[in-house]
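Since the structure comes first, as C-alpha coordinates, the remarks are kept for the end.
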Amino acid sequence: MSLDWLDRAVTTSAYLWRLERADGVALGFTSHDRDIVIDAFRYRAAPGMVPSSIALSDGLEVDNVEIAGVMTSAAIAEADLEAGRWDGALLYISLVDWQQPEAEPLPLICGEFGEIVRSGDSFTVEMLGATSFFDEPVAPLTSPTCRAEFGDRQCKLSLHRYQRQGRVLSADGDAIAIEALGDAAGEFAFGALRFLDGRHCGLSYTIISGEAGVVRLADWPAQPVVPGAKVLLTEGCNKNFATCRDRFANSINFRGEPYLPGNDLLTRYPGA
(Lines of atoms letter the chains of each structure in order from A and count residues from 1; the text may use other names and numbers.)
(Lines give C-alpha, C1' and ligand atoms only; values in the text may rest on other atoms or scores of the structure.)
Protein backbone atom coordinates (compact mmCIF):
# COMPACT_ATOMS: atom_id res chain seq x y z
CA MET A 1 0.00 0.00 0.00
CA SER A 2 1.48 3.32 -1.11
CA LEU A 3 0.66 6.22 1.22
CA ASP A 4 2.99 8.82 -0.22
CA TRP A 5 0.10 11.27 -0.46
CA LEU A 6 0.19 11.56 3.35
CA ASP A 7 3.68 13.07 3.21
CA ARG A 8 2.88 15.93 0.86
CA ALA A 9 3.48 19.53 1.91
CA VAL A 10 -0.17 20.29 1.21
CA THR A 11 -2.61 17.70 2.53
CA THR A 12 -5.13 16.15 0.14
CA SER A 13 -6.66 13.64 2.54
CA ALA A 14 -10.33 13.29 3.43
CA TYR A 15 -12.28 11.01 5.75
CA LEU A 16 -14.77 8.55 4.31
CA TRP A 17 -17.73 7.07 6.17
CA ARG A 18 -19.70 4.13 4.83
CA LEU A 19 -22.79 3.29 6.86
CA GLU A 20 -24.84 0.13 6.38
CA ARG A 21 -28.12 -0.15 8.25
CA ALA A 22 -29.65 -3.45 9.25
CA ASP A 23 -32.41 -2.97 6.66
CA GLY A 24 -29.86 -2.89 3.83
CA VAL A 25 -29.64 0.87 3.27
CA ALA A 26 -26.04 1.99 2.61
CA LEU A 27 -24.91 5.62 2.82
CA GLY A 28 -21.58 7.32 2.22
CA PHE A 29 -20.22 10.61 3.55
CA THR A 30 -16.92 12.43 3.29
CA SER A 31 -15.31 15.31 5.16
CA HIS A 32 -14.29 16.78 1.77
CA ASP A 33 -16.27 19.77 0.47
CA ARG A 34 -17.25 17.86 -2.69
CA ASP A 35 -18.74 14.44 -3.36
CA ILE A 36 -16.31 11.57 -3.96
CA VAL A 37 -17.22 8.51 -6.06
CA ILE A 38 -15.31 5.26 -5.40
CA ASP A 39 -16.26 1.98 -7.10
CA ALA A 40 -19.56 3.51 -8.28
CA PHE A 41 -20.47 4.35 -4.66
CA ARG A 42 -21.01 8.04 -3.94
CA TYR A 43 -19.75 9.61 -0.73
CA ARG A 44 -21.72 12.80 -0.12
CA ALA A 45 -19.94 15.91 1.10
CA ALA A 46 -20.66 16.36 4.83
CA PRO A 47 -17.95 18.61 6.34
CA GLY A 48 -19.92 18.82 9.60
CA MET A 49 -19.25 15.16 10.41
CA VAL A 50 -15.91 14.77 12.17
CA PRO A 51 -14.49 11.80 14.12
CA SER A 52 -12.61 12.07 17.36
CA SER A 53 -8.90 11.26 17.31
CA ILE A 54 -8.16 7.76 16.06
CA ALA A 55 -5.03 5.88 17.17
CA LEU A 56 -4.02 2.75 15.28
CA SER A 57 -2.01 0.07 17.07
CA ASP A 58 -1.34 -3.66 16.95
CA GLY A 59 -2.46 -4.16 20.54
CA LEU A 60 -5.79 -5.28 21.95
CA GLU A 61 -7.02 -1.87 23.08
CA VAL A 62 -10.71 -1.31 22.50
CA ASP A 63 -10.88 0.60 19.22
CA ASN A 64 -13.87 2.78 20.06
CA VAL A 65 -14.39 6.24 18.61
CA GLU A 66 -17.03 8.92 18.97
CA ILE A 67 -18.47 10.63 15.93
CA ALA A 68 -20.12 14.02 16.28
CA GLY A 69 -22.31 15.38 13.51
CA VAL A 70 -25.05 17.75 12.52
CA MET A 71 -28.21 16.58 10.81
CA THR A 72 -27.46 18.42 7.56
CA SER A 73 -28.18 15.37 5.41
CA ALA A 74 -31.76 14.32 4.77
CA ALA A 75 -30.47 10.73 4.72
CA ILE A 76 -29.94 10.85 8.51
CA ALA A 77 -33.38 12.01 9.55
CA GLU A 78 -34.33 12.74 13.14
CA ALA A 79 -37.35 10.46 12.79
CA ASP A 80 -35.11 7.53 11.77
CA LEU A 81 -32.84 8.10 14.77
CA GLU A 82 -35.82 8.15 17.13
CA ALA A 83 -37.33 5.06 15.50
CA GLY A 84 -34.08 3.14 16.00
CA ARG A 85 -33.32 2.50 12.32
CA TRP A 86 -29.66 3.35 12.98
CA ASP A 87 -29.26 1.08 16.00
CA GLY A 88 -26.57 -1.51 15.36
CA ALA A 89 -25.64 -0.06 11.97
CA LEU A 90 -22.21 -1.00 10.58
CA LEU A 91 -19.70 1.77 10.01
CA TYR A 92 -16.41 1.86 8.13
CA ILE A 93 -14.05 4.84 8.40
CA SER A 94 -11.09 5.29 6.07
CA LEU A 95 -8.77 8.00 4.83
CA VAL A 96 -8.48 8.70 1.11
CA ASP A 97 -6.63 11.02 -1.25
CA TRP A 98 -9.41 13.12 -2.76
CA GLN A 99 -7.19 13.95 -5.75
CA GLN A 100 -6.80 10.22 -6.48
CA PRO A 101 -9.97 8.54 -5.19
CA GLU A 102 -9.19 5.42 -7.22
CA ALA A 103 -6.07 4.81 -5.10
CA GLU A 104 -6.29 2.33 -2.22
CA PRO A 105 -7.66 4.05 0.91
CA LEU A 106 -6.19 3.75 4.40
CA PRO A 107 -8.62 1.78 6.61
CA LEU A 108 -8.93 3.32 10.06
CA ILE A 109 -11.67 1.62 11.98
CA CYS A 110 -14.79 -0.48 11.52
CA GLY A 111 -17.52 -1.62 13.84
CA GLU A 112 -21.13 -0.98 14.71
CA PHE A 113 -23.12 1.84 16.23
CA GLY A 114 -23.38 1.86 19.99
CA GLU A 115 -25.11 4.55 22.01
CA ILE A 116 -26.59 7.46 20.03
CA VAL A 117 -27.01 10.70 21.98
CA ARG A 118 -28.94 13.60 20.47
CA SER A 119 -28.92 17.23 21.58
CA GLY A 120 -31.01 19.55 19.44
CA ASP A 121 -29.91 19.17 15.83
CA SER A 122 -26.65 17.50 16.79
CA PHE A 123 -25.87 13.89 17.60
CA THR A 124 -22.97 11.88 18.96
CA VAL A 125 -22.47 8.21 18.10
CA GLU A 126 -20.30 5.79 20.01
CA MET A 127 -18.84 3.24 17.62
CA LEU A 128 -17.95 -0.16 19.03
CA GLY A 129 -14.98 -1.84 17.40
CA ALA A 130 -14.31 -5.55 17.13
CA THR A 131 -12.21 -5.64 20.31
CA SER A 132 -15.11 -4.29 22.39
CA PHE A 133 -16.43 -7.86 22.52
CA PHE A 134 -13.46 -8.79 24.71
CA ASP A 135 -15.35 -7.07 27.54
CA GLU A 136 -17.89 -9.91 27.57
CA PRO A 137 -17.49 -12.70 30.14
CA VAL A 138 -15.17 -15.51 29.07
CA ALA A 139 -17.45 -18.16 30.58
CA PRO A 140 -21.25 -18.01 30.97
CA LEU A 141 -22.58 -17.14 34.41
CA THR A 142 -24.87 -19.58 36.17
CA SER A 143 -28.52 -18.61 36.37
CA PRO A 144 -31.84 -20.33 37.12
CA THR A 145 -33.27 -19.01 33.84
CA CYS A 146 -32.13 -19.78 30.30
CA ARG A 147 -29.20 -17.80 28.90
CA ALA A 148 -30.09 -18.56 25.27
CA GLU A 149 -32.23 -16.31 23.12
CA PHE A 150 -35.41 -17.84 21.79
CA GLY A 151 -34.63 -19.40 18.40
CA ASP A 152 -30.84 -18.86 18.41
CA ARG A 153 -28.20 -21.53 17.79
CA GLN A 154 -28.21 -22.57 21.45
CA CYS A 155 -31.99 -22.80 21.68
CA LYS A 156 -32.12 -24.65 18.32
CA LEU A 157 -35.84 -24.03 17.78
CA SER A 158 -36.99 -22.77 14.38
CA LEU A 159 -38.70 -19.41 14.74
CA HIS A 160 -40.80 -20.04 11.62
CA ARG A 161 -42.89 -22.48 13.63
CA TYR A 162 -43.76 -19.78 16.13
CA GLN A 163 -44.50 -16.81 13.85
CA ARG A 164 -47.75 -15.41 12.54
CA GLN A 165 -48.59 -12.60 10.15
CA GLY A 166 -51.55 -10.29 10.58
CA ARG A 167 -52.77 -6.74 10.20
CA VAL A 168 -53.28 -4.02 12.76
CA LEU A 169 -56.93 -3.40 13.59
CA SER A 170 -56.39 -0.51 16.00
CA ALA A 171 -53.74 1.07 18.21
CA ASP A 172 -54.45 2.69 21.55
CA GLY A 173 -51.68 3.70 23.94
CA ASP A 174 -49.23 0.82 24.16
CA ALA A 175 -51.81 -1.74 22.98
CA ILE A 176 -52.18 -2.95 19.40
CA ALA A 177 -55.12 -5.09 18.30
CA ILE A 178 -54.24 -7.70 15.67
CA GLU A 179 -56.79 -9.36 13.41
CA ALA A 180 -57.69 -13.02 14.04
CA LEU A 181 -55.27 -13.27 16.97
CA GLY A 182 -57.81 -14.10 19.66
CA ASP A 183 -56.69 -16.00 22.75
CA ALA A 184 -53.34 -16.80 21.12
CA ALA A 185 -52.16 -13.29 21.98
CA GLY A 186 -50.81 -14.53 25.31
CA GLU A 187 -48.33 -16.80 23.53
CA PHE A 188 -46.52 -13.75 22.14
CA ALA A 189 -45.56 -12.29 25.53
CA PHE A 190 -41.80 -11.63 25.61
CA GLY A 191 -41.80 -12.03 21.83
CA ALA A 192 -41.48 -9.46 19.07
CA LEU A 193 -43.66 -7.52 16.66
CA ARG A 194 -42.11 -6.48 13.35
CA PHE A 195 -43.76 -4.16 10.84
CA LEU A 196 -43.69 -5.44 7.25
CA ASP A 197 -44.96 -2.30 5.50
CA GLY A 198 -45.92 1.31 6.15
CA ARG A 199 -43.90 4.00 7.90
CA HIS A 200 -42.47 1.52 10.44
CA CYS A 201 -41.45 -1.11 7.88
CA GLY A 202 -38.51 -3.18 9.12
CA LEU A 203 -38.69 -2.03 12.75
CA SER A 204 -39.17 -4.54 15.57
CA TYR A 205 -40.56 -3.98 19.07
CA THR A 206 -40.63 -6.18 22.15
CA ILE A 207 -44.01 -7.50 23.30
CA ILE A 208 -44.45 -7.48 27.07
CA SER A 209 -47.92 -9.07 27.27
CA GLY A 210 -50.91 -10.14 25.22
CA GLU A 211 -54.53 -11.10 25.75
CA ALA A 212 -57.84 -11.18 23.83
CA GLY A 213 -56.30 -10.33 20.47
CA VAL A 214 -54.29 -7.39 21.85
CA VAL A 215 -50.53 -7.19 22.39
CA ARG A 216 -48.71 -4.54 24.42
CA LEU A 217 -45.30 -3.20 23.48
CA ALA A 218 -42.43 -2.34 25.81
CA ASP A 219 -41.49 0.69 23.70
CA TRP A 220 -44.01 2.60 21.64
CA PRO A 221 -43.09 3.62 18.06
CA ALA A 222 -42.10 7.26 17.62
CA GLN A 223 -44.81 7.76 14.97
CA PRO A 224 -48.49 6.73 15.20
CA VAL A 225 -49.36 3.18 14.15
CA VAL A 226 -51.80 3.16 11.24
CA PRO A 227 -54.57 0.51 11.14
CA GLY A 228 -54.10 -1.93 8.30
CA ALA A 229 -50.32 -2.16 8.66
CA LYS A 230 -48.99 -5.68 8.08
CA VAL A 231 -47.01 -7.15 10.98
CA LEU A 232 -45.09 -10.31 11.81
CA LEU A 233 -45.53 -11.66 15.34
CA THR A 234 -42.96 -13.96 16.91
CA GLU A 235 -43.77 -15.92 20.05
CA GLY A 236 -41.70 -15.36 23.15
CA CYS A 237 -40.30 -17.37 26.01
CA ASN A 238 -40.04 -16.35 29.67
CA LYS A 239 -36.80 -18.43 29.93
CA ASN A 240 -38.16 -20.65 32.72
CA PHE A 241 -37.40 -24.37 32.64
CA ALA A 242 -41.05 -25.36 32.99
CA THR A 243 -41.96 -23.31 29.91
CA CYS A 244 -39.10 -24.80 27.90
CA ARG A 245 -40.11 -28.33 28.90
CA ASP A 246 -43.91 -28.20 28.77
CA ARG A 247 -44.63 -25.64 26.04
CA PHE A 248 -41.75 -26.13 23.62
CA ALA A 249 -40.53 -29.67 24.54
CA ASN A 250 -36.99 -28.33 24.34
CA SER A 251 -35.62 -29.05 27.81
CA ILE A 252 -32.57 -30.80 26.33
CA ASN A 253 -31.38 -27.42 25.03
CA PHE A 254 -32.21 -25.44 28.17
CA ARG A 255 -29.22 -23.23 29.02
CA GLY A 256 -29.67 -22.65 32.75
CA GLU A 257 -29.36 -24.27 36.16
CA PRO A 258 -32.87 -24.26 37.68
CA TYR A 259 -31.98 -26.73 40.44
CA LEU A 260 -28.62 -25.31 41.46
CA PRO A 261 -28.57 -24.66 45.25
CA GLY A 262 -28.68 -20.98 46.09
CA ASN A 263 -26.71 -19.00 48.64
CA ASP A 264 -29.37 -19.52 51.32
CA LEU A 265 -28.98 -23.29 51.14
CA LEU A 266 -25.20 -23.20 51.03
CA THR A 267 -24.95 -20.99 54.12
CA ARG A 268 -27.32 -23.00 56.29
CA TYR A 269 -25.99 -24.46 59.52
CA PRO A 270 -27.45 -26.76 62.16
CA GLY A 271 -30.21 -25.11 64.12
CA ALA A 272 -30.85 -22.37 61.55
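Numbering follows the numbering used here, in which position 268 of the sequence shown is assigned residue number 268; successive positions increment by one, without gaps. Ideal Cβ placement from N, Cα and C applies to all residues, glycine included.
I'd like the span of the alpha helix (DSSP H) that includes aspartate 80, first residue to last.
Annotation for aspartate 80: the continuous alpha helix (DSSP H) segment containing it runs 78–83.
Tell me the rounded alpha-carbon separation between glycine 182 and leucine 217.
Pairing glycine 182 with leucine 217, the inter-Cα distance amounts to about 17 Å.
Between the Cα of leucine 141 and those of Gly256, Ser251, Gly166, spot the shortest distance and give me the residue it belongs to.
Measuring from the Cα of leucine 141, the nearest candidate turns out to be Gly256.
If distances are taken between C-alpha atoms only, which option among Trp86, Pro105, Lys230, Ala89 comes closest to serine 13?
Selected option, being the one with the closest Cα: Pro105.
Limits of the beta strand (DSSP E) - the one that aspartate 97 falls within
90–97
Are three or more beta carbon pairs between the segment 98–118 and the segment 205–222 nearer than 8 Å?
These segments do not touch.
With DSSP run on the structure shown, which of helix, strand or coil describes tryptophan 17?
Strand at tryptophan 17.
Taking all protein chains shown into account, do 16 or more other C-beta atoms lie within 10 angstroms of the C-beta of arginine 42, making it buried, or fewer, making it exposed?
Exposed, since its Cβ has fewer than 16 Cβ neighbours within 10 Å.
Any chance you could list the beta strand (DSSP E) runs of at least 3 consecutive residues sitting entirely within the segment 204–241, in chain order?
The segment 204–241 contains these whole beta strand (DSSP E) runs: 204–211, 214–217, 230–234.
Please go through the same chain and pick out, in chain order, the residues whose beta-carbon is closer than 7 Å to the beta-carbon of arginine 147, but skip the five residues on each side of it.
Pro140, Arg255, Gly256
Check whether the segment 84–99 touches the segment 223–233, counting contact only when three or more Cβ pairs, one atom from each stretch, lie closer than 8 Å.
no
Alpha carbon to alpha carbon, what distance is there between glutamate 136 and glutamine 100?
41 Å
Three-state class that DSSP yields for arginine 42 in the structure shown
Strand, per DSSP.
Have a look at alanine 22 and arginine 8 and give me their C-alpha separation to the nearest angstrom.
39 Å
Note down, in chain order, each residue of its chain lying with its Cβ closer than 7 Å to the Cβ of tyrosine 162, except the 5 sequence neighbours on either side.
Thr234, Glu235
Please confirm whether isoleucine 176 and valine 215 have their CB atoms less than 8 Å apart.
yes
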